[in-house]
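The block underneath contains the structure these notes are about, expressed in structure tokens.
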Amino acid sequence: MIRNNNSRVIKSNFEKASLYKLQNTYQMKIIEATIEQAIDGGYGVYCIDQPYTGMGDSSETAKKNMIEAMQFHKRTCIEEGLSYPEFLNEPFEVIFKSE
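Residue numbers (this note's numbering): 15 to 113.
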């Protein structure tokens with residue numbers, strides 16, 4: 015689940031856990047990301063504490079691009095037998111803040 019400053023929710027393609035699991039087994043990871051408009055009119059987004067970024071012609075495209083980068087990172091690490099952040103295995107929330 016991705017939430018921006020306006021509390022609008024964008025669903026990612028990551029597997030969703032059941033409501034029971036969310037409420038009773040673990041706390042959902044919160045990822046903070048900053049979104050900025052570039053001089054050329056495009057948008058960039060980057061995580062505060064994680065190595066993920068995205069860009070696009072609109073803020074929504076940049077957000078989706080970052081989620082796709084996170085998914086790609088996980089898939090590539092699995093294929094290569096490498097480790098990746100554990101939170102990518104569970105539903106998480108990205109809170110976007112504007113600069």
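Glycine included, each C-beta is placed from N, C-alpha and C at the ideal position. Since we're looking at a predicted model, the values are computed, not measured.
For the pair Phe110 and Lys88, the Cα-to-Cα distance works out to about 21 Å.
Contact between Val59 and Ile45 does not hold, since the beta-carbon distance rounds to 11 Å and is not under 8 Å.
Counting along the chain, the unbroken alpha helix (DSSP H) around Ser73 starts and ends at 73-94. As computed with DSSP, Gln51 is found in a beta bridge with Tyr57. Nearest to Asp63 by alpha-carbon distance, out of Lys43, Asp71, Tyr57, is Lys43. When secondary structure is reduced to three states using DSSP, Glu46 falls in the strand class. Here Gly68 really is in contact with Ala83; their C-beta atoms are around 6 Å apart, less than 8 Å. Under the three-state reduction of DSSP, Glu100 is assigned to helix.
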